[in-house]
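S.K.: The opening residue of the sequence shown carries number -11 in my numbering; numbering runs sequentially from there.
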Amino acid sequence: MKKQHLPEKTCVLCKRPFLWRKKWKKNWNEVKYCSARCRNNK
């Protein structure tokens, strides 16, 4: 994917936008948090 066309989501916890990353390729639909820090501070 080109950087201009990356999908974007908003973090459920901090409400910041974050872009698609290669490590989320297989489970992008399940990703809710922008980082491990947000995921651990549910």
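Quick reminder that beta carbons are idealized off the backbone N, C-alpha and C, glycines included.
Closer than 8 Å by C-beta to Val0: which residues in its own chain qualify, once you throw out the five before and the five after it? Chain order, please.
M.R.: These residues qualify, in order along the chain: Lys20, Tyr21 and Cys26.
S.K.: Can you tell me where the beta strand (DSSP E) holding Glu(-4) begins and where it ends?
M.R.: That run of the beta strand (DSSP E) goes Glu(-4) to Thr(-2).
S.K.: Using only the alpha-carbon positions, how far apart do Cys2 and Trp16 sit?
M.R.: Distance between the alpha carbons of Cys2 and Trp16: 18 Å.
S.K.: Compare the Cα-Cα distances from Lys(-9) to each of Ser23, Lys(-3), Trp12 and Trp8 and report the closest residue.
M.R.: Nearest of Ser23, Lys(-3), Trp12 and Trp8 to Lys(-9), Cα basis: Trp8.
S.K.: Can you round the beta-carbon distance between Glu(-4) and Pro5 to whole angstroms, since I take them to be within the 8 Å contact cut?
M.R.: Indeed, because the Cβ distance is near 5 Å, the residues count as touching under 8 Å.
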